[in-house]
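Down below is the structure, laid out as structure tokens.
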Amino acid sequence: MTAPSASAPTPKGTGTLVDSGAARHSRILGVGAYRPARVVMNSEIVDKIDSSDEWIRERSGIISRHFAADDESVIDMAEAASRQALEHAGIAPEQIGFVLVATVTHPYQTPAAAPELASRLGSTAPALDISAACAGYCYGVAMASDMVKGGSADYVLVVGVEKLSDFTDPYDRGSAFIFGDGAGACVVGPSDTPGIGPTVWGSDGTQRDAITQKQAWTDVRESWQTAQADKNVWPAIGMAGQTVFRWAVWGMAPVAQQAIDKAGIKADDLDAFIPHQANIRIIDAMVKQLKLPADIPVARDIVTTANTSAASIPIATTRMLAEKEIPSGGLALQIGFGAGLVYAAQVVVLP
């Protein structure tokens, strides 16, 4: 991505992240993103779910999404975003000390996507996948920050990537229109000053059924031959929309506020709010509950990318920086939340 020029907005500079007392600090040094070439409009979705473009827009804000090609894998997309993030950070692949890939759509139980991604980049760094759904990227940033501050790695590559089109039931009225494909990445490295605030994160496993794969792989094993003729047997991802909506609207704004407080700043100090792109109504409700000033840019990439789960925050961040909507060096509040149910939020200094 292109670095912001003189015409880009300047950071407010009114807030400084709290000093945790760590031996050294961490920050995001570069970001990158990849959107597949194929754009899928609502008109391609509606017939199978007996819906309309107007209904989808009203319920979610989504107008279009990107779908990966049949032969385009999670690792292909992750590689494209990673190379862009490394270039933006000015870091060579051999400098990577750890690779974290947040995804729930890598189609192999094992091996993980991360080691193969590292290999493609020319790295033999330790690598693992994070299964934290839509909060996966923020989980990865938190883990990478701790690695850098603790000295176990100098530079950590964090990737959020999903090919949700492979795991979406096109006949499910509640979820068929929601998901899209894509990848986003960042490089976390050392900093002279605090660049990643304390993470507020957690889980609520009692609500595991709110967003879940409909069948376990072991359930599919015995019936896979007959399952090919039954569109309902493939273990697609399903969602209890109203349950998730209520949890996100009323539960996540307090988490975001805690992240602001723990960072030692105020909402007025923010230069950007980059929430997970789950639903435009959830985003707008969070903005209202947090009482964010009108001048703070808010990511609403949901309109053209839909919900890309772990990839949504870095995709939005990369676009907003490239389009000079937000300033390099400014403070951004990011929050991810999803299946598990899991969540994570932190304030970061933009690269």
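1 is the number of the first residue of the sequence shown in UniProt numbering; add one for each residue after it. Even glycine gets a Cβ: it sits at the ideal position worked out from N, Cα and C.
Residue of the options minimising C-alpha distance to residue i
i           : options                   : result
L100        : A253, S312 and V188       : V188
A102        : V347, S51, S119 and A311  : A311
residue 355 : G182, C186, P190 and G160 : The question about residue 355 has no answer, for the chain in this structure spans 1 to 351.
D271        : I282, R83, L86 and A332   : A332
R27         : V74, F98 and A142         : A142
G30         : P36, C186, I280 and Y343  : C186
A263        : S20, P9 and P11           : S20
G338        : S203, A153 and W55        : S203
K163        : T10, H88 and Y108         : Y108
F167        : S309, I296, R35 and R120  : S309
residue 391 : H276, E87 and H25         : Past the edges of the chain, shown from 1 to 351, lies residue 391, and the structure says nothing about it.
Span separating the alpha-carbon of residue i from that of residue j
i    : j    : result
A23  : I196 : 14 Å
D71  : V255 : 39 Å
V158 : D172 : 32 Å
S328 : L350 : 5 Å
L341 : P126 : 27 Å
E79  : W201 : 27 Å
A294 : S52  : 32 Å
I45  : G150 : 47 Å
R246 : A306 : 19 Å
C134 : S7   : 33 Å
A176 : D76  : 24 Å
A114 : D129 : 6 Å
D146 : I335 : 18 Å
A259 : A344 : 9 Å
P170 : T16  : 46 Å
M41  : D301 : 15 Å
R57  : V74  : 27 Å
A153 : S119 : 18 Å
D50  : Q242 : 19 Å
G174 : A89  : 39 Å
I280 : T10  : 27 Å
E54  : F98  : 44 Å
W250 : T318 : 28 Å
P111 : L117 : 11 Å
D284 : R208 : 25 Å
E87  : H276 : 25 Å
Under 8 Å between C-beta atoms of residue i and residue j
i           : j    : result
I178        : S60  : yes
G184        : A33  : yes
S165        : A278 : no
Q346        : T199 : yes
D261        : T14  : no
residue 353 : A81  : Since the displayed the chain opens at 1 and closes at 351, residue 353 lies outside it and no answer follows.
Y137        : I313 : yes
D181        : H66  : yes
G330        : K48  : no
Cβ-based neighbour list, residue i, same chain, cut-off 6 Å, excluding 5 preceding and 5 following
i    : result
V303 : G61 and I63
I96  : S123, A125, Y155 and L157
A253 : M286, Q289 and L290
A299 : I274 and A316
A85  : G30, V31, G32, A185, C186 and V187
V348 : I28, I196 and A332
I265 : G15
Neighbourhood of residue i by C-beta distance below 7 Å, restricted to the same chain and skipping five residues each side
i    : result
K291 : A267
E94  : G122 and S123
P4   : Note that P4 scores 48 on pLDDT, short of 50, meaning its location in the model is unreliable; the coordinates nonetheless yield the value given after this. The answer, listed in chain order, is L321, K324, P327 and S328.
S131 : V104
V39  : S64 and H66
Q257 : L290
T206 : none
P297 : A272, M320, E325 and I326
Neighbourhood of residue i by C-beta distance below 8 Å, restricted to the same chain and skipping five residues each side
i   : result
T2  : Residue placement at T2 is poorly supported in this model, since its pLDDT is 47, which falls under 50; the coordinates still yield a value, given next. These residues qualify, in order along the chain: A322.
I91 : L29, G30, Y155, V187 and G189
P36 : H66, F67, A68, A69, E72, M77, D181 and G182
R83 : G32 and L121
Residue i - partner residues in DSSP beta bridges
i    : result
F273 : V298 and L333
Q346 : Q334
R65  : V40
P190 : S26
K163 : D181
A33  : G184
V200 : A345
V101 : D129 and V159
N279 : According to DSSP, which records beta bridges pairwise, N279 is partnered with nothing at all.
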